[in-house]
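These protein sequence lines map, in sequence, to chains U and X.
Heads up: the first sequence begins at 71 in our numbering, then just goes up one per residue.
Heads up: the second sequence begins at 71 in our numbering, then just goes up one per residue.
Worksheet: the structure to be examined is printed underneath.
Number of protein chains: 2
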Amino acid sequence: MENFHFQIPTHLYFGKGEERGIGAYLRPYAKKVLLHYGGGSIKKSGLYAIVTASLRDAGIAFVTLGGVVPNPRLSLVREGIALCRREGVELILAVGGGSAIDSAKAIALGVCYEGDVWALFNDDIVTGKALPVATVLTIPAAGSETSASCVVTNEEAQLKYGHTDNAVRPVLSVINPAYFCTLPKNQIANGVADMMSHIFERYFTQTKHTDVTDELCEGVLRAILKNAVKVYDNPQDVDAWYEIGFGGSLAHNDLLGRGREEDWACHGMEHELSAIYDIPHGAGLAVLTPNWMETVAPENQAIFGQFAHNVMGVQPSRDVEADIREGIARLRAFYRRIGLATTLTALGIDGARLEEMAKKATGAAFGDEYGQGHFKTLLWQDVLAIYRKAL
Amino acid sequence: MENFHFQIPTHLYFGKGEERGIGAYLRPYAKKVLLHYGGGSIKKSGLYAIVTASLRDAGIAFVTLGGVVPNPRLSLVREGIALCRREGVELILAVGGGSAIDSAKAIALGVCYEGDVWALFNDDIVTGKALPVATVLTIPAAGSETSASCVVTNEEAQLKYGHTDNAVRPVLSVINPAYFCTLPKNQIANGVADMMSHIFERYFTQTKHTDVTDELCEGVLRAILKNAVKVYDNPQDVDAWYEIGFGGSLAHNDLLGRGREEDWACHGMEHELSAIYDIPHGAGLAVLTPNWMETVAPENQAIFGQFAHNVMGVQPSRDVEADIREGIARLRAFYRRIGLATTLTALGIDGARLEEMAKKATGAAFGDEYGQGHFKTLLWQDVLAIYRKAL
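Below is the structure:
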C-alpha cells in the first residue's frame with residue numbers, strides 16, 4: 071500500500087424524497103444559484119418543479135441554463151460563465167447526469183478564472199478556485215456527484231479533456247434512485263459500464279499489499295453486476311436502483327483507489343472516441359475495456375486472476391491464463407447481456423482515424439508522448455493496437 | 071436500504087512518516103494545542119519527540135497531559151478541561167489509541183460546556199460544540215480516529231457511557247502503521263476484536279436490500295481476519311498492519327452502516343463489563359459476540375447464513391442452521407487463535423453482578439427500560455441470559 075490522504079467532503083443525501091430538501095441543504099452556501107440541466111426530462115419527471123419550489127421555499131434566488139448534451143460542450147460552458155458573472159451567481163446546482171454536473175463544474179471553475187476556461191483543461195491548470203457546486207443526480211454513471219473531476223468537449227477542436235481540481239468536488243449531492251426508473255435501457259447500460267470502469271481504473275494496479283481496497287473494489291463490482299441486470303430487465307426495480315446509485319457514487323469518490331497506483335488508460339483512450347464520434351462514454355468503455363485487459367493482463371496475472379475468480383465468478387483452476395481469458399469473456403458477455411456493443415464497428419467507428427486518436431491519447435500528436443495509463447504505460451502504437459483489436 | 075446522509079470529513083493521512091507532518095497539518099486549525107496521551111510508550115517509541123518537534127517547527131505552542139489509562143476516566147477528563155481553559159488551548163491532539171482519543175474528545179466537549187462534562191454522557195446532551203480534535207494513532211482498535219463517538223468511565227459511579235456528537239469527529243488523523251509493530255500481542259488481539267465488532271454492529275441488520283454495504287462489511291471483515299493472524303504471529307509485518315490500520319478506520323467511519331439499521335447491543339452489554347471489572351473492551355466483545363449471535367440468529371437466518379458463508383468461509387449446505395453454527399464456531403476459533411478468551415470466567419468475571427449489569431445495560435436499573443440493540447431489542451432478562459451463557 072502506498073501513502074495516501076483521504077477525505078470524503080461531499081455531503082450525500084440519499085433516498086426517497088431527498089430532492090425536496092435541496093433548498094434547505096443549499097441555504098448555508100448561497101443566496102443565488104444557477105440551475106443547470108440538460109433537456110426536458112427533468113421537467114417531464116416533475117423534478118424541475120420540485121427543485122425550483124424547494125429553492126423558492128428556502129428563499130434562494132436562481133437563474134436557469136438548460137441545454138447540456140452528452141459529452142458536454144465548451145460553448146455552453148462559456149455561456150454559463152458569462153451568465154453567472156452577469157447575475158452574481160454564488161453556486162452552481164446541476165440537476166441531471168454526469169454531463170450536466172461536469173458542465174456545471176467547468177462553469178464553476180471558469181467564473182473564478184480570469185483567462186479562457188479551456189486553458190484550464192488544455193494546460194491542466196489547477197487553480198483551486200471555483201464557485202461551489204451541488205448536484206441532484208438523475209443518471210447513475212459518471213460518479214461526478216462525488217468526484218473532483220469533470221470532462222468537457224471542445225467541439226470545434228474535437229478534443230475531450232478531463233480536469234481534476236478539488237475545488238469542484240460537490241459540496242453536496244442528492245440521490246433519489248426513484249428518478250432512475252424512467253431511464254431508457256441504453257442509458258442504463260452506458261451508466262453501468264462507466265461506473266464499473268471507474269472501479270477497474272483503480273482496481274488494476276501494480277501496487278502490492280492492497281487487501282482492503284481489493285475487497286472494496288471487488289465487492290462494489292459484484293453488487294453492480296448483480297443489480298445492473300435487475301434494473302436493465304426491470305427499470306422499475308427501485309431497490310436495485312438504490313444499489314446502483316450508491317455503488318456508482320462509491321466507484322468514484324476516491325475511496326476505492328486509496329493507497330493504490332491507479333491506471334486510467336481506458337478512460338484516456340475512450341475520450342478520443344467520444345470527442346470525434348460523439349458516442350456515449352460508457353459505450354466506448356465497454357468496447358475498449360476487455361481489449362485493454364487482454365493486452366495488459368500478462369503484466370500482472372495475479373490481479374487479473376483475482377478479478378476472474380472474485381468478480382466474474384470463475385472457478386480457480388491450475389491454468390491462471392485460462393481463468394483470466396474466461397473472466398474477460400464473462401465480462402464481455404455481461405456487457406452484451408445489458409445490450410452493449412463490444413466492437414467499435416458496432417458503434418459506427420471504422421479504422422480511418424485510429425492513428426490520429428492513438429497519437430492524441432498519448433500526447434504523441436502534440437510532440438510530447440507521455441503515454442496512457444500506469445498499470446502498463448501504453449505508447450501510441452500500443453493504443454493503436456488496442457483500437458484495431460477492438461474494431 | 072434506508073435513507074441516509076453521508077460524509078467523511080476527517081482528513082486521514084496514512085502511511086510511512088506521516089506523523090512528521092502533524093505540525094503542518096494542524097497549522098490551519100490552532101496556534102496552541104493540548105497534547106494528550108497515555109503512558110510512556112510514545113516516548114519510548116520516539117513518537118513523542120517527533121510530534122513535539124513537528125509542532126515546534128510549525129510554530130504551534132502546546133501543553134501536555136499524559137496518564138490516560140484504558141477505559142479512560144472522568145477524573146482525568148475534568149483535569150484536562152481545567153487545563154485547557156487555563157491555558158487557552160484551541161485544539162486537542164491525542165497521540166495514542168482509542169482511550170487517549172476518547173479522553174481527548176471528552177475534554178474537547180467539556181471545555182465548550184458550562185455544566186459538568188459528565189452530564190453530556192449521563193443525559194446524552196448533544197451540544198454540537200467542542201474544540202477541534204486531531205489524532206496520531208498508535209493502536210488500531212477503537213476507530214475513534216474517524217468516529218464521532220467517545221466512551222468515558224465514571225470510575226466512582228462504575229458507569230461507562232458512550233456519547234456521540236459530530237463536533238468531536240477528528241478534523242484530521244495520522245496513521246503510520248509502523249508504530250503498531252511494537253504492540254504486545256494481547257493489545258493486538260483486543261484491537262482486532264474491537265474493530266470487527268464495529269463492523270458486526272452494522273452488518274447484522276433487519277434492513278433489506280443492502281447489497282453494497284453487505285459487500286463492504288464482508289470485504290473489510292475478510293481483510294481483517296486474514297491480516298490479524300499475520301500481525302499476531304509476526305508483529306513486524308508492517309504490510310499486514312497497513313491493512314489492519316486502514317480496515318480499523320473504515321470499520322468505524324460510518325460508511326459501512328449507511329442505509330442500514332445498526333445494532334450495537336454487544337457494545338452496550340460490554341460497556342457494563344469493563345465499567346465494573348476494568349477489562350479491555352475488545353476482550354469483553356470477543357466473549358459476548360458469539361453468545362449474542364447464537365441468541366439472535368433465529369431472528370434473521372439469511373444474514374447469519376451470509377456471514378457464515380461469505381465471511382467465515384463455510385461451504386453452503388442445505389442446512390442453514392448448521393452453517394450458522396459452524397460460522398459462529400469458526401469465529402470463536404479465530405478469537406482463540408489470536409489468544410482471546412471466549413468465556414467471562416476466563417476474564418475473571420463470575421456470576422455475582424450479572425443481574426446488576428443487565429439492568430444497567432437496558433436502562434431497567436434506572437426505571438426506564440429502553441433495552442439494548444435494534445437487530446433484536448434485548449430486555450434485561452435477555453441480556454442476563456447472554457451474560458450467563460457467556461460464563
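Beta carbons: idealized from backbone N, C-alpha and C, even for Gly.
The structure presented is a predicted model; accordingly, all values stated were derived computationally and were not measured.
Under a three-way DSSP split, which group does residue i fall into?
i	result
LEU144/U	helix
LEU163/U	strand
LEU153/X	helix
ALA131/X	strand
SER219/U	strand
LYS446/X	coil
VAL381/U	helix
ILE120/X	helix
ASN224/U	strand
LEU414/X	coil
VAL453/X	helix
ALA211/X	coil
ARG458/U	helix
SER111/X	helix
VAL196/X	coil
ARG126/U	helix
GLY158/X	coil
GLU89/U	helix
GLY421/X	helix
VAL238/X	helix
Since residue i is in the beta strand (DSSP E), which residue starts that stretch and which ends it?
i	result
GLN77/U	74-84
GLY232/U	229-234
VAL103/U	102-107
ALA204/X	203-207
SER243/U	242-245
Along chain X, in chain order, which residues have C-beta atoms closer than 8 angstroms to that of residue i?
i	result
LYS296/U	ASP281
GLY85/U	MET71, GLU72, ASN73, PHE74, GLY329
LEU449/U	Under the 8 angstroms cutoff, chain X gives no residues; its nearest Cβ is about 31 angstroms from LEU449/U.
GLU88/U	ASN73
Just to make sure I have the definition right: I need the residues of chain U whose C-beta is within less than 8 angstroms of the C-beta of residue i. Which are they?
i	result
GLN276/X	Neighbours of GLN276/X on chain U: none; closest Cβ ~15 angstroms, over 8 angstroms.
HIS81/X	HIS75, PHE76, GLN77
ASP309/X	MET71, LYS278, HIS279
Mind pulling the chain U residues with CB within less than 7 angstroms of residue i?
i	result
LEU286/X	LEU286, GLY289
GLY317/X	VAL282
ILE78/X	GLN77, ILE78
ARG292/X	GLU285
Would you please state the rounded distance, in angstroms, between the beta carbons of residue i and residue j? I believe it to be under 8 angstroms.
i	j	result
HIS337/X	GLU271/X	6 angstroms
VAL357/U	ALA422/U	With a Cβ gap of about 17 angstroms, VAL357/U and ALA422/U do not count as contacting.
ASN141/X	THR223/X	5 angstroms
ARG400/X	VAL384/X	7 angstroms
VAL206/U	GLU89/U	5 angstroms
ILE294/U	MET265/U	6 angstroms
GLY85/U	GLU72/X	7 angstroms
THR275/X	ILE373/X	7 angstroms
MET427/X	ILE346/X	7 angstroms
How is the alpha helix (DSSP H) around residue i delimited, first residue to last?
i	result
GLU361/U	The question names Glu, but residue 361/U is Asn in the sequence shown. Here the alpha helix (DSSP H) through ASN361/U covers 351-366.
LYS11/U	Here chain U covers residues 71 to 461 and nothing more, so residue 11/U does not appear.
HIS341/U	335-347
ALA178/U	168-181
ILE398/U	390-407
ILE16/U	Here chain U covers residues 71 to 461 and nothing more, so residue 16/U does not appear.
ALA189/U	188-192
ALA372/X	371-376
Given that residue i touches chain X, what residues does it touch there, using C-beta distances under 9 angstroms?
i	result
ASP235/U	The premise fails here: ASP235/U is roughly 18 angstroms from chain X at the closest Cβ pair, so nothing lies under 9 angstroms.
LEU320/U	VAL282, LEU286, LEU325
Check the Cβ of residue i against every Cβ in chain X and list those closer than 7 angstroms, keeping chain order.
i	result
TYR312/U	MET71, HIS279
LEU326/U	Result: empty, since nearest Cβ-Cβ is about 10 angstroms, beyond 7 angstroms.
**Asked** Unbroken alpha helix (DSSP H) runs of length 4 or more, entirely within the stretch 249-328 of chain X: which are they?
**Response** Listed in chain order, they are 255-273, 281-303, 308-320.
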